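Number of protein chains: 2
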Amino acid sequence: MQQLIAHIVKNSSIKPEKLHSIGDFFEARRFKKKELLLQEGQRCHEKFFIVKGCVHLFYLRQNGVEQTIDFAMENWWASDFMAFQDGSIAKFSIRAIEATEVLAISASQQREMLAAMPELNEYFHLVFQRAYAAAQMRVRMTYELSKEDLYQDFSRKYPAFLQRVPQYLMASFLGFTPEYLSEIRKKFAS
Amino acid sequence: MQQLIAHIVKNSSIKPEKLHSIGDFFEARRFKKKELLLQEGQRCHEKFFIVKGCVHLFYLRQNGVEQTIDFAMENWWASDFMAFQDGSIAKFSIRAIEATEVLAISASQQREMLAAMPELNEYFHLVFQRAYAAAQMRVRMTYELSKEDLYQDFSRKYPAFLQRVPQYLMASFLGFTPEYLSEIRKKFAS
Numbered sequence: 467m468q469q470l471i472a473h474i475v476k477n478s479s480i481k482p483e484k485l486h487s488i489g490d491f492f493e494a495r496r497f498k499k500k501e502l503l504l505q506e507g508q509r510c511h512e513k514f515f516i517v518k519g520c521v522h523l524f525y526l527r528q529n530g531v532e533q534t535i536d537f538a539m540e541n542w543w544a545s546d547f548m549a550f551q552d553g554s555i556a557k558f559s560i561r562a563i564e565a566t567e568v569l570a571i572s573a574s575q576q577r578e579m580l581a582a583m584p585e586l587n588e589y590f591h592l593v594f595q596r597a598y599a600a601a602q603m604r605v606r607m608t609y610e611l612s613k614e615d616l617y618q619d620f621s622r623k624y625p626a627f628l629q630r631v632p633q634y635l636m637a638s639f640l641g642f643t644p645e646y647l648s649e650i651r652k653k654f655a656s
Numbered sequence: 467m468q469q470l471i472a473h474i475v476k477n478s479s480i481k482p483e484k485l486h487s488i489g490d491f492f493e494a495r496r497f498k499k500k501e502l503l504l505q506e507g508q509r510c511h512e513k514f515f516i517v518k519g520c521v522h523l524f525y526l527r528q529n530g531v532e533q534t535i536d537f538a539m540e541n542w543w544a545s546d547f548m549a550f551q552d553g554s555i556a557k558f559s560i561r562a563i564e565a566t567e568v569l570a571i572s573a574s575q576q577r578e579m580l581a582a583m584p585e586l587n588e589y590f591h592l593v594f595q596r597a598y599a600a601a602q603m604r605v606r607m608t609y610e611l612s613k614e615d616l617y618q619d620f621s622r623k624y625p626a627f628l629q630r631v632p633q634y635l636m637a638s639f640l641g642f643t644p645e646y647l648s649e650i651r652k653k654f655a656s
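Protein chains in written order, with my numbering: chain A, 467 to 656; chain B, 467 to 656.
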């Protein structure tokens, strides 16, 4: 829990002593590489704070190919947030790319936690404002940049990420074939 | 203010009597059709709750063409949220599509408001979680649907919207030429 508490304290005005019972609401869980945290088509009751590791969010295209639409790593929250807030069927799956440790909280546990510690809304307000702000910028990037430039921009902003994410997932995320991504990487490396 | 108060009460557990001083933190403002609420390149200090009217969010492409990336209408919040949270330079402009009335709040006024009424973080947590959830779904739609299907999906979900948004803005948003959108509309109408 120390890592989540540190993240909350850093991103809000909440004092750590207010958070001593926060661990009661979460469940620590470990996933092996390639294990699913959430499966498309099942009811989504949980969101995940990533303590260690890396996951990708994807859905199954009509043709059976997995389309990766996002990644998350340490100190990020991951879920199908539409399904989480409605308790409805997930339209995304989440899978560990590496051995991954998370803190999981269910929607009902979160309701109890926020009733007991309403200050935490300040933290979640900031977390989601920032996530939404990043989504706005992502839409701009998608319109503005060619796929090659998107890759270059991504490499520049998230070099650590590129080391950790398999090339075929990065290709899926960017909408490339793996072969094309491989060509671009060679081009930028040379 | 009644409309914002009603929206807060509907989307949180906050009692209306807690909100009697909320009006002190906002400024009511009217914009004529085509007037700018926010200009790309200027510092962004404000976010806007739309009481009446409709706006679009856009940026200038390298070639000087305005690229619309989003719309907002009654009971939606609009801003460049990255720039709002950092107090940095806006990467988007916001313009009224119709005569529009908003409640504007600056970042510093919001800090004071949340210090005085921390309960409001519950409302903003939900507002941004929902906005981010919609952004996740939008990314999926962009990968999954052809442009024609995107338009059909949009028409089905937001029929009122299509009546209000000029065709050239909808074309920009969907990445069509206006001519192509016009063809699709005819096709679906027939």
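Positions of the beta carbon are idealized from the N, C-alpha and C atoms, including for glycine.
For clarity, every value in this text was computed on a predicted model and none was experimentally measured.
| Check | Outcome |
| --- | --- |
| Looking at C-alpha atoms only, which residue of B:K518, B:V568, B:S478 is the closest neighbour of E493 (chain B)? | B:V568 |
| Tell me the DSSP bridge mates of D490 (chain A)? | None, per the DSSP bridge assignment. |
| Output, in chain order, the set of chain A residues within a Cβ distance shorter than 7 Å of F627 (chain B). | Near F627 (chain B) there are no residues of chain A at all, since even the closest Cβ is about 17 Å away, more than 7 Å. |
| Does DSSP put V631 (chain A) in a helix, a strand or coil? | coil |
| Find the residues of chain E that neighbour A599 (chain B), judging by a C-beta separation of less than 7 Å, and give them in chain order. | Considering every chain present, this structure includes no chain E. Its protein chains are A and B. |
| Sort B:L485, B:S478, B:F537, B:A562 by Cα distance to Q669 (chain A) and report the nearest one. | Residue 669 (chain A) is absent from the model: chain A starts at 467 and stops at 656. |
| Measuring alpha carbon to alpha carbon, tell me which of A:V521, A:L628, A:L647, A:Q505 ends up nearest K613 (chain A). | A:L647 |
| Using beta carbons (cut-off 8 Å, strictly below), is N587 (chain B) in contact with chain A? | yes |
| Buried or exposed: which applies to Q629 (chain B), given that a residue is buried once 16 or more other Cβ atoms fall within 10 Å of its Cβ? | exposed |
| Helix, strand or coil: how does DSSP classify I563 (chain B) here? | coil |
| Along the region 506-530 of chain A, what residues have a CB closer than 9 Å to any CB found in chain B? | L523, Y525, R527, Q528 |
| At a CB-CB cut-off below 9 Å, which residues of chain B make contact with Y624 (chain A)? | By Cβ distance, chain B contributes nothing, its closest Cβ being about 16 Å from Y624 (chain A), past 9 Å. |
| Any idea what DSSP makes of T608 (chain B), helix, strand or coil? | helix |
| Please name the residue in B:F515, B:A637, B:L523, B:S638 whose C-alpha comes closest to that of Q505 (chain B). | B:L523 |
| Whole angstroms is fine: what's the gap from F517 (chain B)'s alpha carbon to Q469 (chain B)'s? | The identity of residue 517 (chain B) in the sequence shown is Val, whereas the question assumes Phe. Cα to Cα, the separation comes out at about 7 Å. |
| Would you say E567 (chain B) lies against chain A (beta-carbon separation less than 8 Å)? | no |
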